[in-house]
Structures are given as structure tokens and as C-alpha cells.
Amino acid sequence: DTGVSQDPRHKITKRGQNVTFRCDPISEHNRLYWYRQTLGQGPEFLTYFQNEAQLEKSRLLSDRFSAERPKGSFSTLEIQRTEQGDSAMYLCASTDRGSYNEQFFGPGTRLTVL
Amino acid sequence: GDSVTQMEGPVTLSEEAFLTINCTYTATGYPSLFWYVQYPGEGLQLLLKATKADDKGSNKGFEATYRKETTSFHLEKGSVQVSDSAVYFCALSGGAGSYQLTFGKGTKLSVIP
Chain A
8 DTGVSQDPRH KITKRGQNVT FRCDPISEHN RLYWYRQTLG QGPEFLTYFQ NEAQLEKSRL
68 LSDRFSAERP KGSFSTLEIQ RTEQGDSAMY LCASTDRGSY NEQFFGPGTR LTVL
Chain B
272 GDSVTQMEGP VTLSEEAFLT INCTYTATGY PSLFWYVQYP GEGLQLLLKA TKADDKGSNK
332 GFEATYRKET TSFHLEKGSV QVSDSAVYFC ALSGGAGSYQ LTFGKGTKLS VIP
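As you go down the protein sequences, you meet chains A and B in turn. Be aware that the first sequence starts at 8, since it is given in the numbering used here, and climbs by one per residue. Be aware that the second sequence starts at 272, since it is given in the numbering used here, and climbs by one per residue.
See below:
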């Protein structure tokens with residue numbers, strides 16, 4: 008049984024650079040979520056896909072952020088022109104339609120913007 | 272909008288002590304309620320859930336009851352162990368037809384021998 012995987016686990020970048028993260032959900036899970044977690048806070052919702060369709064985006068998702076799920080399987084989250092305030096843990100989760108929205112989380116990608 | 276408020280930490284208990292972590296919520300509609308746990312160096316794991324009023328979720332000796340009248344979902348365990356040391360997050364989903372989880376800020380629990 009493979010859970011949700013994320014790559015890379017850690018990313019250090021300089022301000023102004025672009026970064027891209029990947030999430031592989033549990034196979035056959037049709038819903039995929041991205042969250043952001045800063046130190047001492049709970050995760051905050053960023054965006055959500057059902058299959059390949061991006062159905063909801065948080066106001067936290069500025070126009071520097073873009074997410075895709077091109078074939079309804081893995082997803083990518085890109086941050087353009089990174090800022091120090093983007094430093095956080097980026098979490099991916101997936102769920103099956105019939106599970107009362109029980110979401111399974113990946114280990115996260117920790118982004119540090121210098 | 273939806274929100275979750277949980278008791279501030281950190282909480283430090285001796286082994287075998289009784290644990291309560293308070294959680295209250297604000298939501299429209301009929302949300303599902305969850306407790307997630309994050310052990311040191313690991314990802315978020317679902318601990319237990321309840322999907323309707325008066326449901327009791329339980330797992331690994333932890334319990335929480337969905338109380339609609341008090342909009343609460345307090346986490347309890349009768350006898351904590353050192354291995355229970357972690358950060359605990361209360362969360363809700365689906366209060367207004369949305370699908371994302373709304374989390375509390377988390378409560379760090381440390382259990383000392």
C-alpha cells in the first residue's frame with residue numbers, strides 16, 4: 008500500500024526564483040488537495056481537484072501560485088517569483104469519494120525562501 | 272466562514288494521566304469532524320472522525336463525541352503514554368457544501384515518564 012507521496016521533501020531557494028512541487032496521491036483517489044502549514048499553525052487550504060478539474064481555490068492562492076493535475080493522477084504546485092513569506096510546509100492530501108471526506112496526507116514539502 | 276478553535280498548548284502530562292483537548296467549531300450545515308495527529312518528524316495522520324451528531328469516534332484509546340448542541344468535539348484519553356506525545360489538530364469538513372478541511376491551530380502534547 009503506497010500512501011500519498013510528495014517530492015521534494017525539502018527545497019531551499021532564493022527570493023525571486025520559481026519552484027515546483029509534485030504530489031502523487033493514493034491511486035484511484037479522485038480528489039486531491041493542497042494545503043500550506045506555517046510554524047505553530049494548522050494547515051490552511053489552498054486548492055482542490057476532482058479528477059483533472061480544479062474546482063476550488065482559496066484566496067490564499069495568489070496569482071503567483073498555480074496548480075495542475077493534467078491527467079487526474081499526480082499534481083504539481085508551482086510558485087513563481089518566490090517571496091520569504093512563502094516559506095512553509097506544503098501538504099498534499101487525497102481522498103476517495105465515498106469516505107466522508109477522510110483525507111490522507113503526504114509527508115509535505117518544506118520550502119525555505121532565503 | 273467555517274472555523275475551529277482548540278485549546279492552546281503546550282500540554283504536559285505524566286504517563287497514565289487523563290487527557291482532554293477541547294475543540295469547538297463554527298460551521299453552517301452539518302460538518303464532519305476529525306482529529307488528526309502529527310508525530311515528531313512525520314506527516315498528518317487521521318486519528319478519529321465523526322460524521323453526524325452524537326457519533327463517537329474512537330481509535331488507539333482516544334475518543335471524541337460530536338456534540339451539535341455545544342458545537343464541540345473534545346478529544347479524551349483515559350491514560351496517556353509517552354508515545355502519545357505529538358501535535359493534535361481538530362478539523363471539520365463539509366459544513367457548507369465545501370470539501371476542504373478547516374483546521375484548528377493544533378495542541379502540542381508532551382507526556383513525561
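Cβ atoms here follow ideal geometry from the backbone N, Cα and C, with glycine treated the same way. Keep in mind it's a predicted model, so treat the numbers as computed, not measured.
For residue i, is the classification buried or exposed, using 16 other Cβ atoms within 10 angstroms of its Cβ as the cut-off for buried?
i, result
"Ile383(B)", "exposed"
"Asp93(A)", "buried"
"Lys331(B)", "exposed"
"Val353(B)", "exposed"
"Thr119(A)", "exposed"
"Ser274(B)", "exposed"
"Ser34(A)", "exposed"
"Pro311(B)", "exposed"
"Lys320(B)", "buried"
"Gly375(B)", "buried"
"Gln2(A)", "The shown model of chain A, from 8 to 121, leaves out residue 2(A), and the question about it has no answer."
Determine the extent of the beta strand (DSSP E) in which residue i is found, giving its start and end residues.
i, result
"Leu68(A)", "Here Leu68(A) belongs to no beta strand (DSSP E), and DSSP marks it neither H nor E."
"Ser12(A)", "Ser12 to Asp14"
"Val382(B)", "Thr378 to Ile383"
"Ile19(A)", "His17 to Thr20"
"Asp355(B)", "No beta strand (DSSP E) contains Asp355(B), which DSSP labels as neither H nor E."
"Leu372(B)", "Leu372 to Phe374"
"Thr27(A)", "Val26 to Asp31"
Nearest to residue i by CA position, among the options, is which residue?
i, options, result
"Val308(B)", "Thr373(B), Val358(B) and Ser381(B)", "Val358(B)"
"Thr299(B)", "Ser354(B), Thr342(B), Ser381(B) and Thr283(B)", "Thr342(B)"
"Cys361(B)", "Ser381(B), Leu284(B), Gly272(B) and Tyr296(B)", "Tyr296(B)"
"Ser101(A)", "His17(A), Phe52(A), Asn25(A) and Thr45(A)", "Phe52(A)"
"Leu380(B)", "Gly272(B), Val275(B), Leu363(B) and Asn293(B)", "Asn293(B)"
"Val351(B)", "Lys376(B), Pro311(B) and Ser285(B)", "Ser285(B)"
"Ser69(A)", "Phe111(A), Gln48(A) and Thr54(A)", "Thr54(A)"
"Pro15(A)", "Leu98(A), Phe111(A), Leu121(A) and Gln110(A)", "Leu98(A)"
"Glu347(B)", "Gly314(B), Thr291(B), Gly280(B) and Met278(B)", "Thr291(B)"
"Arg76(A)", "Pro114(A), Lys18(A) and Phe28(A)", "Phe28(A)"
"Asn25(A)", "Gly47(A), Thr83(A) and Gly115(A)", "Thr83(A)"
"Gly10(A)", "Thr373(B), Thr276(B) and Gln316(B)", "Gln316(B)"
Is residue i near the ligand NAD, judged by its Cβ being under 7 Å from some heavy atom?
i, result
"Ser356(B)", "Among the ligands in the structure shown, none appear at all, so the ligand NAD cannot be discussed."
request  = Ignoring anything shorter than 3 residues or poking outside the stretch 274-350 of chain B, list the beta strand (DSSP E) runs there in chain order.
outcome  = 274-277, 282-285, 290-292, 294-297, 303-309, 315-321, 327-330, 333-336 and 346-348
ask   = Which ranges does the beta strand (DSSP E) cover as unbroken runs of at least 3 residues, wholly within the stretch 37-117 of chain A, from first to last along the chain?
value = 38-44, 51-57, 60-64, 72-75, 82-86 and 95-102, all fully within the stretch 37-117 of chain A.
Chain A contacts made by the stretch 314-332 of chain B, where a contact means CB separation under 9 Å = Gly314, Leu315, Gln316, Leu317, Lys320 and Thr322
Near-chain A residues of the stretch 343-356 of chain B - C-beta to any C-beta below 8 Å = none
ask   = Name the residues in the stretch 289-303 of chain B whose C-beta lies less than 8 Å from a C-beta of chain A; which are they?
value = Ser303
query = Just by C-beta distance, which residues in the stretch 84-108 of chain A are closer than 9 Å to chain B?
reply = Leu98, Ala100, Thr102, Tyr107 and Asn108
key: Residues of the stretch 358-381 of chain B whose Cβ lies closer than 8 Å to any Cβ of chain A, in chain order   = Considering only beta carbons, the part of the stretch 358-381 of chain B lying closer than 8 Å to chain A consists of Phe360, Ala362, Ser364, Gly365, Ser369, Tyr370, Gln371, Leu372, Thr373, Phe374, Gly375, Lys376 and Gly377, in chain order.
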